Amino acid sequence: MIKTCLREELERKEKSFLSLYATLSAETKGRLRAEPECPLRMSFQRDRDRIIHSKAFRRLKHKTQVFLSPTGDHYRTRLTHTLEVAQIARTIARALALNEDLTEAIALGHDLGHTPFGHAGEEVLNEIVSGGFAHNEQSLRTVDILEKNGQGLNLTYEVRDGILKHSKGRGEIIPTKEENKASTLEGQIVRVADIIAYISHDVEDAIRGGVIKEEDIPEKCKKKLGITHSSRINTMVSNLVVETMKHNMCLTLSEDILNTMEILREFLFECVYFNPLVQKDFQKAKRIVAELYFKFLEDETLFLQETGFTSFYDTKERMVCDFIAGMTDRYALNLYQRLFLPKRWMVI
Numbered sequence: 001m002i003k004t005c006l007r008e009e010l011e012r013k014e015k016s017f018l019s020l021y022a023t024l025s026a027e028t029k030g031r032l033r034a035e036p037e038c039p040l041r042m043s044f045q046r047d048r049d050r051i052i053h054s055k056a057f058r059r060l061k062h063k064t065q066v067f068l069s070p071t072g073d074h075y076r077t078r079l080t081h082t083l084e085v086a087q088i089a090r091t092i093a094r095a096l097a098l099n100e101d102l103t104e105a106i107a108l109g110h111d112l113g114h115t116p117f118g119h120a121g122e123e124v125l126n127e128i129v130s131g132g133f134a135h136n137e138q139s140l141r142t143v144d145i146l147e148k149n150g151q152g153l154n155l156t157y158e159v160r161d162g163i164l165k166h167s168k169g170r171g172e173i174i175p176t177k178e179e180n181k182a183s184t185l186e187g188q189i190v191r192v193a194d195i196i197a198y199i200s201h202d203v204e205d206a207i208r209g210g211v212i213k214e215e216d217i218p219e220k221c222k223k224k225l226g227i228t229h230s231s232r233i234n235t236m237v238s239n240l241v242v243e244t245m246k247h248n249m250c251l252t253l254s255e256d257i258l259n260t261m262e263i264l265r266e267f268l269f270e271c272v273y274f275n276p277l278v279q280k281d282f283q284k285a286k287r288i289v290a291e292l293y294f295k296f297l298e299d300e301t302l303f304l305q306e307t308g309f310t311s312f313y314d315t316k317e318r319m320v321c322d323f324i325a326g327m328t329d330r331y332a333l334n335l336y337q338r339l340f341l342p343k344r345w346m347v348i
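Residues in the sequence shown are numbered from 1 upward in steps of one, following the UniProt record's numbering.
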């Protein structure tokens, strides 16, 4: 039998070695629903474990990062992207003596609500669903409501807040407005770690896919950040840690590195994400998502049959959106083929 003092001992150790700016597990603002403490694990450890064991987390392995349904073994998926974000964020948190468990939990959960086909799926749902759609909000909805057959994961406030505030699109890399910042430094780190991860690995995948060549990368980016995936990450992470420590633990990048990251991100949008070769497949993917969405809105019986639900837990539009957002690329493709394409005639 585990003694109840073990978790409390871990919490005391955490308080003794973490920075004054860290978020302590023992001082969490709590969960949506009160529940007994674990005798062994601290609160943010439990959140991390719940996320890893969730169905939504497992589905990330078959969701697009940039290249749709890649057959090559070395392209990133939404899962491998998530793991890279978690590793980068934990490195930053450890260097700054912040809470690694909290940082990791936020990082592992930040994309749980992402759609099939990457941002193509997100864009089309935002266009056709009343009230719009954003994957960060869907990630929060996933952990609060959709997981565990409607029970949700009942995560702590700090993890939920970090998941909601991680998204930035083409906005500021480090937000200046307080309403756009996570309430914890750990959550703010995940936002930047997400950008560090994708602006580096998307370059690598785009070169692998023949969309760009190494010589296409802006010279300033190669000079300031490095020419390899590892050198780019090391430069950005090291700069973030050093500058943050210089500025009294206010998350900061040097002006030069921040400017270079913005240049690299814009390069990716213009030359990779909006590249005609990539966009051609994105438009096809958007059509698949839209047709599935409207098909299920029109045919309530088919929707209930496909999902296995016997009743509605929300409006039909909201439930169809949840179902579509939760799909993997391959499930969406197979379902589309089954619903919209004629079956092959077989003669034996």
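Don't be surprised by glycine CBs; every beta carbon is placed ideally from N, CA and C. If you're wondering where the values come from, they're calculated on a predicted model, not measured in any experiment.
Beta-ladder partner(s) of Arg31, from DSSP: Here residue 31 refers to the residue found at position 31 when the sequence shown is read from its first residue. Bridge partners of Arg31: Thr156.
CB contact flag (Thr328, Thr156, <8 Å): On the sequence shown, position 328 is the one that residue 328 refers to. On the sequence shown, position 156 is the one that residue 156 refers to. For Thr328 and Thr156, no; Cβs fall outside 8 Å.
Terminal residues of the alpha helix (DSSP H) in which His135 lies: As a position in the sequence shown, residue 135 is number 135, starting the count at 1. His135 to Arg141 is the span of the alpha helix (DSSP H), which, as asked, contains His135.
Element boundaries [alpha helix (DSSP H), containing Val85]: The residue given as residue 85 occupies position 85 in the sequence shown. Val85 -> alpha helix (DSSP H) spans Arg78 to Ala95.
Contact check, Phe303 vs Val289, beta carbons under 8 Å: In the sequence shown, counting from the first residue as 1, residue 303 sits at position 303. In the sequence shown, counting from the first residue as 1, residue 289 sits at position 289. Cβ distance not < 8 Å, so Phe303 and Val289 don't count as in contact.
Inter-stretch contact at 8 Å, needing at least 3 Cβ pairs: the region 271 to 287 / the region 115 to 128: yes
Nearest-angstrom beta carbon gap, Leu140 and Arg48 [assumed within contact, 8 Å]: In the sequence shown, residue 48 corresponds to position 48, counting from 1. In the sequence shown, residue 140 corresponds to position 140, counting from 1. About 16 Å separates the two Cβ atoms, so there is no contact after all.
Close Cβ partners of Tyr336 (< 8 Å) along its chain, the five nearest in sequence each way excluded: Counting from 1 along the sequence shown, the entry for residue 336 is found at position 336. Counting only Cβ-Cβ distances below 8 Å, and skipping sequence neighbours, we find Ile288, Glu291 and Leu292.
Secondary structure, alpha helix (DSSP H): runs of 4+ residues fully inside the region 210 to 238: 219 to 225
Which listed residue (Glu14, Ser54 and Val85) has its alpha carbon closest to that of Ala26: If you number the sequence shown from 1, residue 26 lands on position 26. The option with the nearest alpha carbon to Ala26 is Glu14.
Residue from Glu298, Leu297, Ile189 and Ala34 with nearest C-alpha to Glu104: By 1-based counting over the sequence shown, the position of residue 104 is 104. Nearest C-alpha to Glu104: Ile189.
Beta-bridge partners of Thr64, as assigned by DSSP: For this step, residue 64 is matched to residue 64 along the sequence shown. The secondary-structure analysis by DSSP pairs Thr64 across a beta bridge with Thr77.
Beta-carbon gap between Ile195 and Ile227 smaller than 8 Å: Counted from its first residue, the sequence shown places residue 195 at position 195. Counted from its first residue, the sequence shown places residue 227 at position 227. No, the pair does not count as a contact, with Cβ atoms beyond the cut-off.
CB contact flag (Val272, Ile212, <8 Å): Numbered from its first residue, the sequence shown carries residue 272 at position 272. Numbered from its first residue, the sequence shown carries residue 212 at position 212. Cβ atoms of Val272 and Ile212: closer than 8 Å.
C-alpha distance - Leu277 paired with Arg31, whole-angstrom precision: Working through the sequence shown from its first residue, we reach residue 277 at position 277. Working through the sequence shown from its first residue, we reach residue 31 at position 31. Leu277 and Arg31: Cα-Cα distance of roughly 45 Å.
Close Cβ partners of Thr307 (< 7 Å) along its chain, the five nearest in sequence each way excluded: Mapped onto the sequence shown, residue 307 falls at position 307. Close CB contacts of Thr307 within its chain, under the 7 Å cut and outside five residues either way in sequence, are with Phe323 (chain order).
Terminal residues of the alpha helix (DSSP H) in which Gln151 lies: For the purposes of this step, residue 151 is taken as residue 151 along the sequence shown, with counting starting at 1. First-last for Gln151: undefined, no H or E at that position.
Pick from Leu6, Ser54 and Leu339 that is closest to Pro39, judged by C-alpha positions: Counting from 1 along the sequence shown, the entry for residue 39 is found at position 39. Minimum Cα distance to Pro39 is reached at Leu6.
Residue interval of the alpha helix (DSSP H) (run including His201): Start at 1 with the first residue of the sequence shown, and residue 201 comes out as number 201. From DSSP, the alpha helix (DSSP H) with His201 extends over Leu185 to Arg208.
Whole-Å CB distance - Asn136 paired with Ile106, under 8 Å assumed: To locate residue 136, count along the sequence shown from 1; it is residue 136. To locate residue 106, count along the sequence shown from 1; it is residue 106. Not quite, the Cβ-Cβ distance comes to about 11 Å (not below 8 Å), so this is no contact.
Simplified DSSP state of Leu98, which is helix, strand or coil: As a working note, residue 98 is residue 98 in the sequence shown. In the three-state reduction of the DSSP assignment, Leu98 falls in the coil class, being assigned neither a helical nor a strand state.
For Glu255 and Asn248, the rounded distance between their alpha carbons: The sequence position of residue 248 within the sequence shown is 248, counting from 1. The sequence position of residue 255 within the sequence shown is 255, counting from 1. Taking the straight line from one Cα to the other gives about 17 Å.
Cβ neighbours of Gln138 in the same chain (closer than 6 Å, five flanking residues each side left out): Start at 1 with the first residue of the sequence shown, and residue 138 comes out as number 138. Here the set comprises Gly113 and Ala325.
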